[in-house]
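J.:
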Amino acid sequence: MSYFNVEKKVKEVKTALNESVDFSYRYFKRGNQKLAFIYLKSIIDGQLFSSAVYFPLQTFEGELSIDKLKNDILKAIDIKEVKEMDIIKEVLDGRVVVVTNFSKKLLSIDLLKFPTRAPTEPPTSPVIQGPREGFVEDMQTNITLLRRRLKSKDLVIDVLRVGSQTQTKVCITYLKGIANKKIVKEVTDKIKKIKTDGVLDSYNILVYLENRPESLFKQVGNTEKPDIVTSKLLEGKVAVIVDNSPIVLTIPFIFIEDLQNSNDYYTNHHYSSFVRVIRLLGLLIALIAPGFYLALQLYHYNILPLNFLITIADTTQGLPFTPFLEILFIFLLFQILYEVSLRLPSYLGLATSVVGALILGDTGVKAGLISPPGVIIVALSKIALYTIPEQAPQITVLQLLFIVLGGSLGLIGLISGLVYIINYLNNYDSFCTPYLAPYSPRIPQDLKDAILVDPIYFQRYRPKSFSPEKKERV
Amino acid sequence: MNKINVRQTGVIIVMCIFANKILLMPSLMYEQTSADSIFVLITLFLLDLAMLPIFIWLKNSYPDKKFYDILKDKLGVVITKIIYLALLCFFFFKCLLVFSITYVYFKQQIYHNEFIFMALIAFLPVINHAVLCGVRTFARTIQLFFGIVIAGFIICLIISLFTPIAAPYFFVSNASQFFSSLYNHVFSFGDFIILFLIMDRIEIKKGQAKHLYFYSLFAMFLVVTLFYLFYAKYQITAFMHNNALADLLVFSVQFNAIGRLDIIAMLTIMFITLFQMEIFNYAFCDCFVNIFPLLNKNYSVVVFDVLFCILYYVFIGRYETMVTSTLFWLPYLAIVINYILPLVMVLILIIRRRGEKKNKSNL
Numbered sequence: 010m011s012y013f014n015v016e017k018k019v020k021e022v023k024t025a026l027n028e029s030v031d032f033s034y035r036y037f038k039r040g041n042q043k044l045a046f047i048y049l050k051s052i053i054d055g056q057l058f059s060s061a062v063y064f065p066l067q068t069f070e071g072e073l074s075i076d077k078l079k080n081d082i083l084k085a086i087d088i089k090e091v092k093e094m095d096i097i098k099e100v101l102d103g104r105v106v107v108v109t110n111f112s113k114k115l116l117s118i119d120l121l122k123f124p125t126r127a128p129t130e131p132p133t134s135p136v137i138q139g140p141r142e143g144f145v146e147d148m149q150t151n152i153t154l155l156r157r158r159l160k161s162k163d164l165v166i167d168v169l170r171v172g173s174q175t176q177t178k179v180c181i182t183y184l185k186g187i188a189n190k191k192i193v194k195e196v197t198d199k200i201k202k203i204k205t206d207g208v209l210d211s212y213n214i215l216v217y218l219e220n221r222p223e224s225l226f227k228q229v230g231n232t233e234k235p236d237i238v239t240s241k242l243l244e245g246k247v248a249v250i251v252d253n254s255p256i257v258l259t260i261p262f263i264f265i266e267d268l269q270n271s272n273d274y275y276t277n278h279h280y281s282s283f284v285r286v287i288r289l290l291g292l293l294i295a296l297i298a299p300g301f302y303l304a305l306q307l308y309h310y311n312i313l314p315l316n317f318l319i320t321i322a323d324t325t326q327g328l329p330f331t332p333f334l335e336i337l338f339i340f341l342l343f344q345i346l347y348e349v350s351l352r353l354p355s356y357l358g359l360a361t362s363v364v365g366a367l368i369l370g371d372t373g374v375k376a377g378l379i380s381p382p383g384v385i386i387v388a389l390s391k392i393a394l395y396t397i398p399e400q401a402p403q404i405t406v407l408q409l410l411f412i413v414l415g416g417s418l419g420l421i422g423l424i425s426g427l428v429y430i431i432n433y434l435n436n437y438d439s440f441c442t443p444y445l446a447p448y449s450p451r452i453p454q455d456l457k458d459a460i461l462v463d464p465i466y467f468q469r470y471r472p473k474s475f476s477p478e479k480k481e482r483v
Numbered sequence: 041m042n043k044i045n046v047r048q049t050g051v052i053i054v055m056c057i058f059a060n061k062i063l064l065m066p067s068l069m070y071e072q073t074s075a076d077s078i079f080v081l082i083t084l085f086l087l088d089l090a091m092l093p094i095f096i097w098l099k100n101s102y103p104d105k106k107f108y109d110i111l112k113d114k115l116g117v118v119i120t121k122i123i124y125l126a127l128l129c130f131f132f133f134k135c136l137l138v139f140s141i142t143y144v145y146f147k148q149q150i151y152h153n154e155f156i157f158m159a160l161i162a163f164l165p166v167i168n169h170a171v172l173c174g175v176r177t178f179a180r181t182i183q184l185f186f187g188i189v190i191a192g193f194i195i196c197l198i199i200s201l202f203t204p205i206a207a208p209y210f211f212v213s214n215a216s217q218f219f220s221s222l223y224n225h226v227f228s229f230g231d232f233i234i235l236f237l238i239m240d241r242i243e244i245k246k247g248q249a250k251h252l253y254f255y256s257l258f259a260m261f262l263v264v265t266l267f268y269l270f271y272a273k274y275q276i277t278a279f280m281h282n283n284a285l286a287d288l289l290v291f292s293v294q295f296n297a298i299g300r301l302d303i304i305a306m307l308t309i310m311f312i313t314l315f316q317m318e319i320f321n322y323a324f325c326d327c328f329v330n331i332f333p334l335l336n337k338n339y340s341v342v343v344f345d346v347l348f349c350i351l352y353y354v355f356i357g358r359y360e361t362m363v364t365s366t367l368f369w370l371p372y373l374a375i376v377i378n379y380i381l382p383l384v385m386v387l388i389l390i391i392r393r394r395g396e397k398k399n400k401s402n403l
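Structure, rendered in C-alpha cells:
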C-alpha cells in the first residue's frame with residue numbers, strides 16, 4: 010500500500026518554498042520502497058547528513074519501516090514524527106523531513122547548522138574577575154550556557170514563535186517554584202500577543218514587554234552574560250532568550266540593577282559597596298553637574314567660594330554666548346563628537362578624538378567661544394555618564410533637561426526636576442515590582458544587595474521586591 | 041493596593057510638622073512671648089499629639105473606610121460637605137502660607153528682581169503631577185529623600201553651634217501673652233488632620249502604630265531644638281529673622297572658609313517646601329473631589345492652580361497682610377479643624393462603642 014507519492018510531495022514542498030535556490034532533496038529506493046529527504050541545504054549539516062542519515066540507510070539490509078528508520082537506522086540525536094502540514098515549518102527550521110511511500114508517518118531529523126561564533130567576553134560587560142563567557146546569536150548555544158550553570162530540574166524553558174515572516178524562537182526561562190507565577194504569566198501573555206512580521210533582535214521583544222513603552226526609562230533588564238542571567242533566575246526573575254540575539258532580557262527590572270555589576274560579586278564586599286557609591290555619585294554628577302553649574306553661575310553665585318567665582322568671571326568675560334547657551338553649545342559639541350566617534354572606522358575615530366579634544370576644545374577656549382570651566386564641567390558630566398553605561402542614553406536626555414531647568418529656574422528648577430523624575434519613577438511598577446526598590450519603598454531585606462553590599466552568606470533570602478514564590482535561598 | 045505603609049505615613053507627618061514652624065514662626069512667636077515661645081510650641085505640639093491616638097482609634101474602628109464616608113454616615117451630607125470645605129480652605133491657606141514665606145526667602149537669596157512666578161513655575165507642575173499620581177507615589181518620594189532632608193536639617197542645627205550662643209531667658213512672658221500666642225499660632229499646627237483625609241490609604245499592621253509616635257516625636261524634637269538654638273543665637277533680635285533654619289547658618293565663621301553654607305539650608309527648605317505643597321495640594325484636591333463628586337481630580341488640580349496663582353499674586357505684594365491673617369483670622373478656622381473636629385470624632389467613636397456594647401448585651 011502506497012501512502013505518499015514521494016515525487017509529488019517533493020514537488021509540492023518545492024513549489025511552496027518558491028523553488029528556492031537552497032531547496033534540496035534526495036531520493037532513496039529499494040525495491041518498491043521509496044523515500045525522499047527534503048531539506049534546505051543552506052542550513053543543514055551536509056557531512057552529518059551523509060554520515061548519520063544517508064550512509065546508515067545505504068548499509069542497512071532488510072525491509073524498511075518507519076520505526077526501524079527512527080530507532081535503528083538513522084543515527085541523528087533528535088528524530089521526531091511530524092504531521093504532513095508541518096513539513097514546511099520543519100524544513101525552514103533546518104531539519105530534514107523524511108517522506109516515504111510505505112508509511113503515513115513523516116520523520117523530521119534535526120541537522121541544523123549555520124555559522125556561529127564561539128562564546129567570547131561581551132564588549133559591553135568586561136570583567137576583571139569572574140566568568141568571561143558571553144551569549145552568542147545562536148539560541149541553542151545560549152541555552153547550553155545556562156544549562157551548564159543551572160543543573161536544576163526546575164529550570165523551565167518554554168519556546169514561542171514570534172514574527173509572521175521570521176518565525177523567531179523566543180524562550181521564556183525561569184525557575185519553577187521560585188519565579189512568581191503571575192510574572193511568568195504576564196510575560197508569556199505579552200509575548201503571545203505580539204503581532205509583527207519580524208523579530209530581528211531581543212530589542213524588538215523588549216518594547217512589547219514594557220508597561221510604558223513611551224517612557225524614557227528602561228523597564229526591562231538586559232545582559233550578555235550567562236552568569237548574570239543565572240543569578241537573576243535564582244532571584245526569581247524571568248529571562249527571555251531571543252534567537253539571533255546575544256542579549257537576554259530579564260524581568261522584572263529595577264533601577265538599582267544598573268548600579269550593580271558582575272564584578273561586584275567576585276570581589277570583596279567592602280570594595281563592591283565603595284564602587285557602587287562611586288557609580289551613584291557618577292550618576293548624580295552626570296545628571297546635574299552642567300545644570301548645577303549653570304544655576305550657581307546665574308542665580309546662586311554668592312554661594313561659590315570667592316576665588317572660584319573670580320576664575321569664572323575672568324574666563325567668561327567677553328564670551329559671545331550667555332552661560333546657558335555656552336553650556337548648551339559645549340554639550341551639543343560633545344554629543345556630536347560622541348556620535349561621530351561611534352560610527353567612524355577606528356582609524357578615523359582616533360583622528361576625530363584628536364580634532365575634538367585639541368582643536369575644538371583648546372582652540373574654542375583660545376578663540377573666546379567657550380570657557381575652560383564650562384568645558385571641564387560638561388566633560389566631567391560626560392565622563393561620569395559612563396560609570397553606568399547601561400543608563401547612558403536616558404541620562405544624556407535628562408542632562409539636557411537639567412541644563413534647561415538649571416539655566417532657567419536655578420536650583421529650584423533642578424530640585425523640582427529631580428523630584429518630578431522620582432515621582433514619575435515611583436508611579437510605575439515594573440511587573441508588580443516598585444522601580445526604585447529597595448529604597449522607595451524601603452524594603453530592609455533587599456538592602457543587603459543594593460548600594461551597599463553584604464557578604465554573600467548574609468544574603469539568605471531572595472529579594473522581596475521580585476515577590477519570589479520561594480523566599481529562602483536554600 | 042495603592043496603600044502606604046506606616047513608615048511612609050510617618051515621613052508625611054514629619055514634613056507636615058516642619059511646615060511653617062522652621063521658617064517664619066520662631067520669629068513671629070518671639071515677638072509675643074520671647075524665649076517662652078518654646079513652651080507655647082510644646083503646648084501646641086502636645087495638643088496636636090493628642091490627635092494621633094484619636095486617629096489610630098478611628099482607623100482601628102473603620103479600617104478601610106474613607107473619612108468622608110464616616111462623617112457622611114454620622115453627620116449627614118450637608119455637614120460633611122461644610123467640614124470638607126473648611127478642610128479645603130485650611131490646607132489651601134497652609135500651602136499658600138508656606139510657599140509665600142519660602143518665596144520671600146528665595147527672592148532675597150536667589151531671584152532678587154526676577155519674575156515673581158519663577159519659583160511657582162518650577163513647583164506647580166511637580167506638585168500637580170504628584171497629586172495626580174496619588175498618595176503612594178509622593179509618599180515613596182518623600183521616603184526616598186527623607187534621609188537627605190533630615191541630614192540637611194541636622195547639619196544646619198550643628199553648624200549653628202559654631203557661633204557664640206547663650207541660653208535664652210525664660211519665664212519673661214505673662215499668662216495673657218502665653219495664651220494669646222497659643223491662639224495666634226494655632227493655624228500653623230493641626231498637622232495630623234492630613235492622616236484623617238488619607239486614612240483609607242494607610243495600612244497600619246498590628247503593633248506598628250508606635251512608629252507614628254516615633255516619627256512625630258522625632259520631628260517635634262527637631263523643631264523644639266531649632267527654636268532653642270535660634271533663640272540662643274539671636275536672643276532679643278530673634279524677631280527680625282524670617283527664616284529660622286537658614287538664619288541658623290549665618291555668621292558661622294568657621295565654615296565660611298569653604299564657601300557659603302546657606303546652600304544646605306536652601307536645599308533642605310526647597311525639598312521640605314516642595315513636599316509640603318504636594319501634601320497640602322493633595323489634601324485640597326481630596327476635599328474638592330468629595331465636595332464636588334462629579335468633578336474628577338484633574339479639575340481639582342486646575343482649580344487649585346488658578347486659585348493659588350491669583351491669591352499668591354494678590355498676597356505676595358501684601359506679605360504683611362497675609363501673615364497677619366494667619367495670626368488673627370485663620371486661627372478661627374484652625375480651632376474648628378484642629379480641636380473641634382477630632383472631638384466630634386471622639387464622640388462618634390464613643391457612641392459606636394456604646395452601640396457595640398449594647399448589641400453584645402442584647403445577644
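Chains as they are written, first to last, in my numbering: chain A, 10 to 483; chain B, 41 to 403. Cβ atoms here follow ideal geometry from the backbone N, Cα and C, with glycine treated the same way.
Looking at the structure shown, is A207 (chain B) part of a helix, part of a strand, or coil, going by DSSP?
T.: On the second sequence, residue 207 (chain B) is found 167 positions in, with the first residue counted as 1. Reduced to three states, the DSSP call for A207 (chain B) is coil.
J.: Chain A beta carbons: is any one of them nearer than 9 Å to that of V166 (chain B)?
T.: Indexing the second sequence from 1 puts residue 166 (chain B) at position 126. Answer yes: the Cβ-Cβ gap between V166 (chain B) and chain A drops below 9 Å somewhere.
J.: Going by DSSP, what residue range makes up the alpha helix (DSSP H) through Y223 (chain B)?
T.: Counting from 1 along the second sequence, the entry for residue 223 (chain B) is found at position 183. Where Y223 (chain B) is concerned, the enclosing alpha helix (DSSP H) stretches over A215 to N224.
J.: For the segment 301-327 of chain B, which residues have a beta carbon sitting closer than 9 Å to at least one beta carbon of chain A?
T.: So the close ones are L301, D302, I303, M306, L307, M310, F311, L314, F315 and E318.
J.: Counting contacts by CB-CB distance shorter than 9 Å, is M158 (chain B) in contact with chain A?
T.: Here residue 158 (chain B) refers to the residue found at position 118 of the second sequence. Output row for M158 (chain B): interface = yes.
J.: Rounded to a whole number of angstroms, what is the C-alpha to C-alpha distance between M55 (chain B) and A191 (chain B)?
T.: Here residue 55 (chain B) refers to the residue found at position 15 of the second sequence. Here residue 191 (chain B) refers to the residue found at position 151 of the second sequence. Using only the alpha carbons, I get a separation of about 14 Å.
J.: With contact counted as at least three CB pairs below 8 Å, one residue from each stretch, are the segment 77-95 of chain A and the segment 47-62 of chain A in contact?
T.: Output reads yes: the segment 47-62 of chain A touches the segment 77-95 of chain A.
J.: Just checking R288 (chain A) against the ligand SAH - is the residue's beta carbon closer than 8 Å to any of the ligand's heavy atoms?
T.: As presented, the structure is devoid of all ligands, the ligand SAH included, so that no description of it is given.
J.: Give the C-beta separation of S390 (chain A) and P299 (chain A) to the nearest angstrom, bearing in mind that I take them to be a contact with Cβ-Cβ under 8 Å.
T.: Position 381 of the first sequence holds residue 390 (chain A). Position 290 of the first sequence holds residue 299 (chain A). With 8 Å as the limit, S390 (chain A) and P299 (chain A) qualify as a contact, their Cβ atoms being about 5 Å apart.
J.: Nearest-angstrom Cα distance between F111 (chain A) and L78 (chain A)?
T.: What you label residue 111 (chain A) is simply residue 102 of the first sequence in a count that begins at 1. What you label residue 78 (chain A) is simply residue 69 of the first sequence in a count that begins at 1. Cα-Cα distance, rounded: 12 Å.
J.: Using the C-alpha atoms, what's the distance from Y352 (chain B) back to V387 (chain A)?
T.: Numbered from 1 along the first sequence, position 378 holds the residue referred to as residue 387 (chain A). Numbered from 1 along the second sequence, position 312 holds the residue referred to as residue 352 (chain B). Going from the Cα of V387 (chain A) to the Cα of Y352 (chain B) covers about 37 Å.
J.: Mind checking the segment 428-461 of chain A against chain B and listing, in chain order, the residues whose C-beta falls within less than 8 Å of any C-beta there?
T.: Result list: V428, Y429, I431, N432, Y433, N435, N436, P443, L445, Y448, S449, P450 and R451.
J.: Using the beta-carbon of each residue, which ones in chain A are nearer than 8 Å to H169 (chain B)?
T.: If you number the second sequence from 1, residue 169 (chain B) lands on position 129. Those are Y429, N432 and Y433, listed as they occur along chain A.
J.: Residues in the same chain with beta-carbon distance under 6 Å from T177 (chain A), minus the five sequence neighbours each way, listed in chain order, please.
T.: The residue given as residue 177 (chain A) occupies position 168 in the first sequence. These residues qualify, in order along the chain: V171, V208 and D252.
J.: So I421 (chain A) contacts chain B; which residues on that side make the cut at Cβ distance below 8 Å?
T.: In the first sequence, the residue the question calls residue 421 (chain A) occupies position 412. Under the 8 Å cutoff, chain B gives F146, I150, M158, A159, A162, F163 and M310.
J.: Based on DSSP bridge pairs, tell me the residues matched to Q42 (chain A).
T.: For this step, residue 42 (chain A) is matched to residue 33 along the first sequence. Paired residues: A:R39.
J.: Taking the beta strand (DSSP E) that S117 (chain A) falls in, what are its first and last residues?
T.: As a first step, residue 117 (chain A) is located in the first sequence; it is residue number 108 there, counting from the start. Where S117 (chain A) is concerned, the enclosing beta strand (DSSP E) stretches over L115 to D119.
J.: Buried or exposed, going by whether 16 or more other CB atoms sit within 10 Å of the CB of V286 (chain A)?
T.: Position 277 of the first sequence holds residue 286 (chain A). Exposed.
J.: What residues from chain A crowd round R241 (chain B), counting only those whose CB sits closer than 7 Å?
T.: Position 201 of the second sequence, counted from the first residue, corresponds to residue 241 (chain B). Neighbours of R241 (chain B) on chain A: none; closest Cβ ~14 Å, over 7 Å.
J.: Considering only DSSP beta bridges, list what V179 (chain A) is partnered with.
T.: Position 170 of the first sequence, counted from the first residue, corresponds to residue 179 (chain A). V179 (chain A) pairs with A:L169 and A:V251.
J.: Find the residues of chain A that neighbour L136 (chain B), judging by a C-beta separation of less than 8 Å, and give them in chain order.
T.: By one-based count along the second sequence, residue 136 (chain B) stands at place 96. The premise fails here: L136 (chain B) is roughly 17 Å from chain A at the closest Cβ pair, so nothing lies under 8 Å.
J.: Where do the ends of the beta strand (DSSP E) carrying N231 (chain A) lie?
T.: Translated into the one-based positions of the first sequence, residue 231 (chain A) becomes position 222. Here the beta strand (DSSP E) through N231 (chain A) covers G230 to T232.
J.: Can you give the Cα-Cα distance for N14 (chain A) and K114 (chain A), rounded to whole angstroms?
T.: Within the first sequence, residue 14 (chain A) is the residue found at index 5, counting from 1. Within the first sequence, residue 114 (chain A) is the residue found at index 105, counting from 1. For N14 (chain A) and K114 (chain A), the distance between alpha carbons rounds to 13 Å.
J.: Using DSSP with H/G/I as helix, E/B as strand and the rest coil, what is P124 (chain A)?
T.: In the first sequence, the residue the question calls residue 124 (chain A) occupies position 115. Reduced to three states, the DSSP call for P124 (chain A) is coil.
J.: Counting only Cβ-Cβ distances shorter than 9 Å, please list the residues of the segment 307-328 of chain A near chain B, keeping chain order.
T.: Here the close residues are Y308, H309, N311, I312, L313, P314, L315 and F317.
J.: Please list, in chain order, the residues of the segment 385-416 of chain A that have any C-beta partner in chain B closer than 9 Å.
T.: Correct list: L414.
J.: Leaving out the 5 sequence neighbours to the left and right, which residues in its chain are closer than 8 Å to C135 (chain B) when beta-carbon positions are compared?
T.: The residue you call residue 135 (chain B) lines up with position 95 of the second sequence. Hits under 8 Å: Q316, M317, F320, N321, F324 and F348.
J.: Mark G247 (chain B) as exposed unless 16 or more other C-beta atoms lie within 10 angstroms of its C-beta, in which case mark it buried.
T.: Along the second sequence, read from residue 1 onward, the residue named residue 247 (chain B) stands at position 207. Per the 10 Å Cβ criterion, exposed.
J.: F178 (chain B) versus chain A: which residues are under 7 Å apart at the beta carbon?
T.: Translated into the one-based positions of the second sequence, residue 178 (chain B) becomes position 138. What F178 (chain B) touches in chain A: N432.
J.: L64 (chain B) touches chain A at which residues, Cβ-Cβ below 7 Å?
T.: For the purposes of this step, residue 64 (chain B) is identified with residue 24 of the second sequence, where counting begins at 1. Neighbours of L64 (chain B) on chain A: none; closest Cβ ~19 Å, over 7 Å.
J.: List the residues of chain A whose Cβ lies closer than 9 Å to the Cβ of C173 (chain B), in chain order.
T.: Taking the first residue of the second sequence as 1, we reach residue 173 (chain B) at position 133. Those within 9 Å of C173 (chain B) in chain A are N432, Y433, N435 and N436.
J.: As a quick exercise: from B:P66, B:L235 and B:F193, pick the residue whose alpha carbon is nearest that of F279 (chain B).
T.: Reading the second sequence from its first residue, position 239 is the one you call residue 279 (chain B). Ranking B:P66, B:L235 and B:F193 by Cα distance to F279 (chain B) puts B:P66 first.
J.: For I336 (chain A), which option in A:V108, A:P381 and A:K190 has the closest C-alpha, if you only look at C-alpha atoms?
T.: What you label residue 336 (chain A) is simply residue 327 of the first sequence in a count that begins at 1. Nearest of A:V108, A:P381 and A:K190 to I336 (chain A), Cα basis: A:P381.
J.: Would you check if there are 3 or more beta carbon pairs closer than 8 Å linking the segment 194-209 of chain B to the segment 272-291 of chain B?
T.: Contact between the segment 194-209 of chain B and the segment 272-291 of chain B is present, because at least three Cβ pairs lie under 8 Å.
J.: Is the Cβ-Cβ distance between F267 (chain B) and I78 (chain B) less than 9 Å?
T.: Along the second sequence, read from residue 1 onward, the residue named residue 267 (chain B) stands at position 227. Along the second sequence, read from residue 1 onward, the residue named residue 78 (chain B) stands at position 38. In this structure, I78 (chain B) lies closer than 9 Å to F267 (chain B) by Cβ.
J.: In chain B, which residues lie less than 7 Å from L418 (chain A) when you measure between Cβ atoms?
T.: Here the question's residue 418 (chain A) lines up with position 409 in the first sequence. M158, I161 and A162, listed in chain order.
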